[in-house]
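Q: Numbering (our numbering), first residue to last: 6 to 344. Where is the CB? At the ideal position from N, CA and C, for every residue including glycine. The structure displayed is predicted, hence computed values, not measured ones.
(1) I need the straight-line Cα distance from residue 287 to residue 220, nearest angstrom please.
(2) Can you give me the start and stop residues for the alpha helix (DSSP H) that residue 321 sits inside?
(3) Among 103, 218, 250, which residue has its Cα nearest to the Cα of residue 146?
(4) Do residue 391 and residue 301 have their CB atoms nearer than 8 Å?
(5) Going by beta carbon distance, what residues of the same chain come within less than 7 Å of residue 177, once the five residues before and after it are set aside?
(6) One question on the structure: do residue 77 and residue 22 come within less than 8 Å of each other, judged by their Cβ atoms?
(7) Alpha helix (DSSP H) containing residue 166: first to last residue?
(8) Where do the ends of the alpha helix (DSSP H) carrying residue 291 lie?
(9) Just tell me which of 285, 143, 131, 44 has its CA closest to the CA of residue 63.
(10) Under a three-way DSSP split, which group does residue 157 fall into?
(11) Taking buried to mean at least 16 other C-beta atoms within 10 Å of its own C-beta, is residue 38 buried or exposed?
(12) Could you have a look at residue 343 and say whether DSSP puts it in helix, strand or coil?
(13) Go ahead and pull the three-state DSSP assignment for residue 108.
(14) For a test of the three-state rule: what should DSSP assign to residue 201, helix, strand or coil?
(15) For a test of the three-state rule: what should DSSP assign to residue 118, helix, strand or coil?
(16) Measure the beta-carbon distance from residue 127 to residue 43 and round it to whole angstroms, keeping in mind my assumption that it falls under 8 Å.
(17) Taking the alpha helix (DSSP H) that residue 61 falls in, what are its first and last residues?
(18) Under 8 Å, with one C-beta from each stretch per pair, do the stretch 175-195 and the stretch 258-275 reach the 3-pair mark?
(19) How many angstroms separate the CA atom of residue 228 from the CA atom of residue 283?
(20) Could you tell me which residues DSSP puts in a beta bridge with residue 296?
(21) Which word fits residue 297, buried or exposed, when buried means at least 16 other C-beta atoms lie within 10 angstroms of its C-beta?
(22) Taking residue 59 as the reference, give the member of 173, 289, 111 with the closest Cα.
(23) Which whole runs of the alpha helix (DSSP H) in the stretch 240-278 are 4 residues long or more, in chain order?
(24) Check whether the Cβ atoms of residue 18 and residue 80 lie closer than 8 Å to each other.
(25) Does the pairing of the stretch 308-325 with the stretch 250-258 give three or more beta-carbon distances under 8 Å?
(26) Exposed or buried, residue 262, counting other C-beta atoms within 10 Å across all chains shown (16 or more means buried)?
(27) Could you check the C-alpha separation between residue 53 and residue 329 for me, to the nearest Å?
(28) Hey, is the stretch 83-91 in contact with the stretch 289-296, meaning 3+ C-beta pairs nearer than 8 Å?
(29) So residue 179 and residue 295 are supposed to be a Cβ contact under 8 Å. How far apart are they, rounded?
(30) Under 8 Å Cβ to Cβ from residue 158, same chain only, skipping five residues before and after it: list those, please.
(31) I believe residue 354 touches residue 65 by the beta-carbon criterion, under 8 Å. Please report the beta-carbon distance rounded to the nearest angstrom.
(32) At the level of alpha carbons, what is the spacing between residue 143 and residue 167?
(33) Suppose you measure from the CA of residue 303 to the CA of residue 311; what does that come to, to the nearest Å?
(34) Give the DSSP bridge partners of residue 357, in chain order.
(35) Per DSSP, what kind of secondary structure is residue 233 in: helix, strand or coil?
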């Protein structure tokens, strides 16, 4: 049994890390998406409703960002000390952007003459956070230079064309999630605005998914062989085909009567994209350099961290489920105050 631990525990923690990242992207993705769409809303009253729709849950959503960073440090220290210096600048910019978003929630409600400043802070923080995540993703996909087990590149290496494309894709995808959330949670002019803007968000997200996927396959022979060599292509072709079909369903659902459907289908589209990324990069914690087994902590440290994971994750999930249940239903226009 002991001989199996070096294999089983890193694999388990890799799955938990992937789960944490996926939940963060989906949960914080829709409230970032609401911020991305914020300045495009036609009226200040619509912006009130948009912010009120995510105010009860946004801070709980960001719990998963902390969870992912802590898990990376505890379970995969070799990956942590390579990835952190490689993406130091976009991570710091992202954190400052999220801080400005958090401040805007409190100050915008009280502001009168300079309310527009907090509108810009909220929207700008959301857009900057999405772009920074895109640069991290682009750098992760394209590979991280290493020498003697350490990051050997410069602080600006992650700011690439691929990173920008990933950032645009995340902005489109987050905006799509945000629009789906608003279709579900609001009504009247705010819901109509969300239905209209969701079409543009879907086009951007789908186009960037296709471009980044093609770029990755052309730039990395290992990725190309994984996807296009027989019989892999037969097993993996359902992923991109399913994504294309889901995108068509989202388009048709945006003006449908089932108000929850655009959001649910947008979540499915994100999960399919996440699955495709996992297929391309498996089994690396640092692509092409450090696998999840090579980068994992020793079994005793993983077992100790596992006790905390078993306790914490159910508590966080229960808290979030309770919050979403308590604040279920449509958001009223008076929920954020009258101005």
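A: So, to answer that:
(1) Working through the chain shown from its first residue, we reach residue 287 at position 282. Working through the chain shown from its first residue, we reach residue 220 at position 215. One C-alpha to the other measures close to 18 Å.
(2) By 1-based counting over the chain shown, the position of residue 321 is 316. Residue 321 -> alpha helix (DSSP H) spans 304-331.
(3) Residue 146 sits at position 141 when you count from the first residue of the chain shown. Measuring from the Cα of residue 146, the nearest candidate turns out to be 218.
(4) Not covered by the structure: residue 391. The range shown for the chain is 6 to 344.
(5) For the purposes of this step, residue 177 is identified with residue 172 of the chain shown, where counting begins at 1. Taken in chain order, the residues that qualify are 206, 209, 210, 213.
(6) Sequence index remark: in the chain shown, residue 77 carries index 72 (1-based). Sequence index remark: in the chain shown, residue 22 carries index 17 (1-based). Yes, the pair counts as a contact, with Cβ atoms nearer than the cut-off.
(7) Along the chain shown, one-based indexing puts residue 166 at 161. Its alpha helix (DSSP H) spans residues 166-190.
(8) Numbered from 1 along the chain shown, position 286 holds the residue referred to as residue 291. Unbroken run through residue 291 is the beta strand (DSSP E), 289-291; no alpha helix (DSSP H).
(9) Position 58 of the chain shown holds residue 63. Of the candidates 285, 143, 131, 44, the one whose C-alpha sits nearest the C-alpha of residue 63 is 131.
(10) Numbered from 1 along the chain shown, position 152 holds the residue referred to as residue 157. Coil at residue 157, not helix or strand.
(11) As a first step, residue 38 is located in the chain shown; it is residue number 33 there, counting from the start. With 16 or more other Cβ atoms inside 10 Å of its own Cβ, residue 38 counts as buried.
(12) In the chain shown, the residue the question calls residue 343 occupies position 338. Model confidence at residue 343 stands at a pLDDT of 49, short of 50, so the residue's coordinates are unreliable; what they give is reported in the following sentence. Residue state for residue 343 is assigned as coil, using DSSP reduced to three classes.
(13) In the chain shown, residue 108 corresponds to position 103, counting from 1. The answer is helix: DSSP assigns residue 108 an H, G or I state.
(14) The residue labelled residue 201 in the question sits at position 196 within the chain shown. If DSSP states are grouped into helix, strand and coil, residue 201 belongs with the helices.
(15) Working through the chain shown from its first residue, we reach residue 118 at position 113. Residue 118 falls in the coil class under three-state DSSP.
(16) Counting from 1 along the chain shown, the entry for residue 127 is found at position 122. Counting from 1 along the chain shown, the entry for residue 43 is found at position 38. Contact holds; Cβ gap of about 6 Å.
(17) In the chain shown, the residue the question calls residue 61 occupies position 56. For residue 61, there is no enclosing alpha helix (DSSP H), since its DSSP letter is neither H nor E.
(18) yes
(19) One-based indexing of the chain shown puts residue 228 at position 223. One-based indexing of the chain shown puts residue 283 at position 278. In a straight line, the C-alpha of residue 228 is about 11 Å away from that of residue 283.
(20) Here the question's residue 296 lines up with position 291 in the chain shown. Bridge partners of residue 296: 289.
(21) Taking the chain shown and counting its residues from 1, the one referred to as residue 297 is at position 292. It is buried - the Cβ of residue 297 has at least 16 other Cβ atoms within 10 Å.
(22) One-based indexing of the chain shown puts residue 59 at position 54. Checking every option, the nearest Cα to that of residue 59 belongs to 111.
(23) 243-258
(24) The residue you call residue 18 lines up with position 13 of the chain shown. The residue you call residue 80 lines up with position 75 of the chain shown. Yes.
(25) no
(26) For the purposes of this step, residue 262 is taken as the residue at position 257 of the chain shown. When all chains shown are included, residue 262 counts as exposed.
(27) Here residue 53 refers to the residue found at position 48 of the chain shown. Here residue 329 refers to the residue found at position 324 of the chain shown. Their Cα atoms are separated by approximately 19 Å.
(28) yes
(29) As a position in the chain shown, residue 179 is number 174, starting the count at 1. As a position in the chain shown, residue 295 is number 290, starting the count at 1. Contact doesn't hold; Cβ gap of about 29 Å is too wide.
(30) Reading the chain shown from its first residue, position 153 is the one you call residue 158. The answer, listed in chain order, is 91, 149, 150.
(31) No statement about residue 354 is possible, as the shown extent of the chain runs from 6 to 344 and does not include it.
(32) By one-based count along the chain shown, residue 143 stands at place 138. By one-based count along the chain shown, residue 167 stands at place 162. Cα-Cα distance, rounded: 5 Å.
(33) The residue you call residue 303 lines up with position 298 of the chain shown. The residue you call residue 311 lines up with position 306 of the chain shown. Going by the C-alpha atoms only, they are around 12 Å apart.
(34) The requested residue 357 is not part of the displayed model; the chain covers only 6 to 344.
(35) Translated into positions along the chain shown, residue 233 becomes position 228. Helix at residue 233.
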